[in-house]
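See structure below.
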Amino acid sequence: MTALAGRPSAICARGLRVRLGGVEILHGVDLALPTGRWTAVVGPNGAGKSTLLRGLAGLVASSGAVELLGRPLADWRGRERGRRLAWLGQVEVPSGDLRTYDLVMLGRLPHLAWLASPGPVDHAVVEQALRATQAWDWRDRPVGQLSGGERQRVLLARALAVQADVLLMDEPLGNLDPPHQADWLALVRQQVAQGRTVVTVLHELTMALGADALVIVAGGSVRWHGACEDPATHRALEQVFEQRIRIHPLEGQWVALPR
Amino acid sequence: MTQPRTARYQSALLATALLLASGALLAAGAAVGSTGASHWTALWADDTAGQIVREIRLPRSLAAWLAGALLGLSGAVAQGLFRNPLADPFMLGSASGAALGVAVVLVAGGGVLSAGFGPHGLGLTGAAFAGALAAVAMTLALAQGVHDSLRLLLAGVVVGVVLGALASLLSQLSPQTLPAMQAFMLGSTAMVGWSGCALMAVSLAVAVLTGWMLSPVLDGLSLGEATARSLGLPLAAMRLALLAVLALATGAAVAQTGLIAFVGLAAPHLVRSLSRPMAGPLLLLSALTGGVLLLAADIAARGVLAPQELPVGVLTAILGGGYLLWLMRRGAASGGLR
Chain A
3 MTALAGRPSA
13 ICARGLRVRL
23 GGVEILHGVD
33 LALPTGRWTA
43 VVGPNGAGKS
53 TLLRGLAGLV
63 ASSGAVELLG
73 RPLADWRGRE
83 RGRRLAWLGQ
93 VEVPSGDLRT
103 YDLVMLGRLP
113 HLAWLASPGP
123 VDHAVVEQAL
133 RATQAWDWRD
143 RPVGQLSGGE
153 RQRVLLARAL
163 AVQADVLLMD
173 EPLGNLDPPH
183 QADWLALVRQ
193 QVAQGRTVVT
203 VLHELTMALG
213 ADALVIVAGG
223 SVRWHGACED
233 PATHRALEQV
243 FEQRIRIHPL
253 EGQWVALPR
Chain B
141 MTQPRTARYQ
151 SALLATALLL
161 ASGALLAAGA
171 AVGSTGASHW
181 TALWADDTAG
191 QIVREIRLPR
201 SLAAWLAGAL
211 LGLSGAVAQG
221 LFRNPLADPF
231 MLGSASGAAL
241 GVAVVLVAGG
251 GVLSAGFGPH
261 GLGLTGAAFA
271 GALAAVAMTL
281 ALAQGVHDSL
291 RLLLAGVVVG
301 VVLGALASLL
311 SQLSPQTLPA
321 MQAFMLGSTA
331 MVGWSGCALM
341 AVSLAVAVLT
351 GWMLSPVLDG
361 LSLGEATARS
371 LGLPLAAMRL
381 ALLAVLALAT
391 GAAVAQTGLI
401 AFVGLAAPHL
411 VRSLSRPMAG
421 PLLLLSALTG
431 GVLLLAADIA
441 ARGVLAPQEL
451 PVGVLTAILG
461 GGYLLWLMRR
471 GAASGGLR
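Residue numbers (the working numbering), protein chains in the order written: chain A, 3 to 261; chain B, 141 to 478.
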């Protein structure tokens with residue numbers, strides 16, 4: 003476990019257990035994710051990746067301890083936590099009636115007083131987020147009329163509009179075509195360069211290997227947590243996928259290919 | 141930067157149009173009756189006719205508007221709360237609960253209150269209201285809380301079916317209550333007086349105000365449950381409060397006018413097809429639209445077969461069903477019912 007030591011943790015879990023429908027999905031996970039870094043969570047189907055992310059975000063009932071920015075998750079007030087931690091879910095489809103612009107503005111909810119109208123700062127942030135995901139052109143269209151990939155970019159803009167220190171994304175690449183996957187990668191890099199912490203669950207191993215650190219989850223526990231360029235991480239990844247993949251260097255990045 | 145303003149302008153325009161339509165329809169409602177349409181200022185001068193207008197037509201027209209507004213608001217709350225465009229105000233079992241309450245009182249009273257369920261029996265009105273609230277409470281208890289929408293919906297279906305069956309059984313056992321029971325099931329505004337209007341007006345004011353205050357929760361929920369929670373919205377408490385609004389508004393409408401179909405389902409759809417407001421304005425506009433719809437239907441119900449009167453619930457069921465069918469075909473063409 004060559005965790006990236008020396009940095010304070012953005013999110014830290016100790017003995018995190020989650021039960022869903024009477025079945026224990028996570029069996030006591032210990033994990034410390036450093037600030038200002040992009041961590042990718044990977045693993046086979048049904049390993050508990052999404053559940054882990056939800057547990058870290060405090061979105062499922064769990065036992066064990068989770069700390070956000072050095073403070074127990076339970077001690078945060080809802081709106082305060084909402085300003086520091088943004089969530090982009092995997093399967094959540096927004097109701098199709100909202101305009102794109104209004105939907106992205108919902109990311110400002112934790113910043114606004116109850117029932118208050120958004121101010122100029124909020125409008126500026128929403129515009130910036132929509133432009134960052136190249137969704138500005140559809141700001142007036144209802145979300146229900148967008149394609150899957152377009153909608154995914156709008157949802158990403160909604161998460162960016164929170165301007166949170168910690169950004170958790172479950173399968174954010176769903177429906178994105180390769181150019182927009184590249185844009186997403188640049189966007190994540192930019193967020194991390196601004197000092198933000200990004201945690202993503204990813205199926206695309208090649209994309210995940212572009213992160214700073216990899217958390218490998220299998221069977222409801224963390225099998226490995228290490229830097230992406232570390233050969234030991236590659237071996238652990240190959241092992242968890244039963245040697246059915248091989249990791250190769252290609253043009254300055256790592257590529258996972260089936261074998 | 142202009143689009144939020146455009147949206148607000150559109151909503152304001154729609155609200156103005158709906159208010160004007162409400163005023164015009166109330167005036168028309170006072171003029172149209174079983175004696176045929178006539179100029180209502182002339183009626184006001186004539187004593188008997190004036191009394192008909194003041195004591196029957198005006199209150200029943202206002203009652204139709206208020207009941208429609210309550211149902212439209214409930215529909216918008218239910219659809220937002222359950223994130224389901226097909227949610228309607230009665231889906232937590234309130235309709236069947238109200239029916240059972242009415243059946244119990246009718247059977248206990250030996251069916252003598254068969255003239256109607258409005259001014260004659262505060263007992264009937266109260267029983268319908270209590271039955272509606274009890275049914276919602278039962279649904280909440282069965283669903284073990286408000287945190288699981290699917291469980292709430294299923295519990296609502298169960299409570300609705302079982303209470304509805306009990307109500308049918310009761311009225312089957314004492315056939316003399318059947319006409320009154322049927323009048324309730326079909327829905328009618330014919331018997332509502334000023335006191336009923338006052339009750340509904342107060343309920344509407346409370347429901348609209350509370351609904352507006354809680355509207356950010358509905359906005360957040362449109363993103364999905366987990367995302368709404370990640371934004372720091374206190375979902376559990378506010379959901380319970382919204383369910384209370386739903387129960388109050390449907391209970392108040394059902395208690396006065398019986399089961400009126402489709403207004404609560406169709407009003408929010410109609411609003412969304414004309415404008416795309418956030419939850420707060422949607423609640424207001426749905427209430428106004430529901431009022432206009434039911435009042436228009438009520439006037440039509442009085443006029444179509446005059447001097448015979450069509451139960452307004454039958455008319456709204458036919459019109460609302462047709463509208464939804466049209467919406468479905470249009471929705472299928474543009475990729476899904478929204």
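Ideal Cβ positions, reconstructed from N, Cα and C, are used throughout, including at glycine.
Computed from a predicted model, the values in this text were never measured in an experiment.
Using beta carbons (cut-off 8 angstroms, strictly below), is P96 of chain A in contact with chain B? Closer than 8 angstroms to some Cβ of chain B, the Cβ of P96 of chain A qualifies, so yes.
Determine the extent of the alpha helix (DSSP H) in which W352 of chain B is found, giving its start and end residues. W352 of chain B -> alpha helix (DSSP H) spans 334-353.
Using only alpha-carbon positions, find the residue among A:V68, A:V43, A:P10 that is nearest to G17 of chain A. Between G17 of chain A and the set A:V68, A:V43, A:P10, the nearest pair of CA atoms involves A:V68.
Tell me the DSSP bridge mates of R73 of chain A? BP columns for R73 of chain A point to A:L70.
When burial is assigned at 16 or more other CB atoms within 10 Å of the CB, is V25 of chain A buried or exposed? So V25 of chain A counts as exposed.
For I13 of chain A, three-class secondary structure by DSSP: It is a strand residue.
Residue nearest to L399 of chain B in terms of C-alpha spacing, selected from B:G300, B:G212, B:G453: With respect to the C-alpha of L399 of chain B, the residue from B:G300, B:G212, B:G453 having the closest C-alpha is B:G453.
Would you verify that the beta carbon of P174 of chain A is, or is not, closer than 8 angstroms to some beta carbon of chain B? No, P174 of chain A lies away from the interface with chain B (no Cβ there is under 8 angstroms from its Cβ).
Does the beta-carbon distance from L435 of chain B to S201 of chain B come in below 8 angstroms? Yes, they are a contact pair.
Would you list, in chain order, the members of the region 353-370 of chain B that have their beta-carbon closer than 8 angstroms to a beta-carbon of chain A? From the region 353-370 of chain B, only M353, S355, P356, D359, G360, S362, L363, G364, E365, A366, T367, R369, S370 have a Cβ closer than 8 angstroms to chain A.
Output the distance between the C-alpha atoms of T120 of chain A and P181 of chain A, rounded to the nearest integer angstrom. The amino acid occupying residue 120 of chain A in the given sequence is Pro; Thr does not appear at that position. When the Cα atoms are used, P120 of chain A and P181 of chain A turn out to be separated by approximately 33 angstroms.
Is there a C-beta anywhere in chain A that falls below 8 angstroms from the one on A406 of chain B? Chain A contact via Cβ: absent.
Taking Cβ positions only, does P374 of chain B come closer than 8 angstroms to chain A? Chain A places a beta carbon closer than 8 angstroms to that of P374 of chain B, counting this residue as a contact.
Is there at least one Cβ from chain A nearer than 8 angstroms to A147 of chain B's Cβ? Interface criterion met: the Cβ of A147 of chain B is under 8 angstroms from a Cβ in chain A.
Are A227 of chain B and A272 of chain B closer than 8 angstroms when you measure CB to CB? In this structure, the beta-carbon distance from A227 of chain B to A272 of chain B does not fall below 8 angstroms.
Against R223 of chain B, what residues of chain D qualify as contacts under a CB-to-CB distance less than 7 angstroms, listed in chain order? The structure shown has no chain D; the protein chains it does contain are A and B.
With a threshold of 6 angstroms on Cβ separation, who are the neighbours of A393 of chain B within its own chain once the five nearest residues in sequence on each side are excluded? Excluding sequence neighbours, A393 of chain B sits near A207, L210, L211.
Nearest chain B C-beta to R248 of chain A closer than 8 angstroms, yes or no? Answer no: the Cβ-Cβ gap between R248 of chain A and chain B never drops below 8 angstroms.
Closest by CA to L154 of chain B, which one among B:L423, B:V244, B:A330? For L154 of chain B, the closest of B:L423, B:V244, B:A330 by C-alpha to C-alpha distance is B:L423.
Quick check on M321 of chain B: does DSSP put it in helix, strand or coil? In the structure shown, M321 of chain B sits in a helix (DSSP, three-state: H, G or I).
What whole-angstrom Cβ distance do A76 of chain A and L169 of chain A have, given they're in contact under 8 angstroms? Between L169 of chain A and A76 of chain A the Cβ distance is about 21 angstroms, and since that is not below 8 angstroms, they are no contact.
Out of curiosity, what's the CA-to-CA distance linking V357 of chain B and N47 of chain A? Going by the C-alpha atoms only, they are around 33 angstroms apart.
Bridge partners for T199 of chain A per DSSP, in chain order? DSSP, once it has assigned bridges, lists A:V168 as partnering T199 of chain A.
Assign R469 of chain B to one of two classes, buried (16 or more other C-beta atoms within 10 Å of its C-beta) or exposed (fewer than that). With fewer than 16 neighbouring CB atoms inside 10 Å of its own CB, R469 of chain B falls in the exposed class.
When you compare only the Cα positions, how much space is there between G150 of chain A and E94 of chain A? Put simply, the backbone Cα of G150 of chain A is about 12 angstroms away from that of E94 of chain A.
Quick one: does M418 of chain B have its CB under 8 angstroms from some CB of chain A? Answer yes: the Cβ-Cβ gap between M418 of chain B and chain A drops below 8 angstroms somewhere.
Helix or strand or just coil, what does DSSP make of V20 of chain A? Residue state for V20 of chain A is assigned as strand, using DSSP reduced to three classes.
Minimum Cβ-Cβ distance from R470 of chain B to chain A less than 8 angstroms: Output row for R470 of chain B: interface = no.
Please report the straight-line C-alpha distance between G462 of chain B and L148 of chain A, rounded to a whole angstrom. A direct Cα-Cα distance of roughly 28 angstroms separates G462 of chain B from L148 of chain A.
Check the C-beta distance from D167 of chain A over to L108 of chain A and give it rounded, since I have them as a contact under 8 angstroms. Incorrect: roughly 19 angstroms between the Cβ atoms, too far for contact.
Between the Cα of Q241 of chain A and those of A:W186, A:A161, A:P260, spot the shortest distance and give me the residue it belongs to. If we check each option's Cα against that of Q241 of chain A, A:P260 comes out closest.
Under 8 angstroms, CB to CB, which of the residues in the region 264-294 of chain B have a partner in chain A? Taken residue by residue, none of the region 264-294 of chain B has a beta-carbon sitting less than 8 angstroms from a beta-carbon on chain A.
Closest by C-alpha distance to L405 of chain B, when choosing among B:G215, B:A395, B:Q312: Of the listed residues, the one whose Cα sits closest to L405 of chain B is B:G215.
Using the Cβ count rule (16 or more neighbours within 10 Å means buried), how would you classify L309 of chain B? When all chains shown are included, L309 of chain B counts as exposed.
For A283 of chain B, which residues in the same chain have their Cβ closer than 7 angstroms to its Cβ, ignoring the five residues on either side in sequence? The residues are R291, L292, A295.
Among A:D185, A:L207, A:G254, A:L162, which one has its Cα closest to the Cα of V127 of chain A? The residue with the shortest Cα to Cα distance from V127 of chain A is A:L162.
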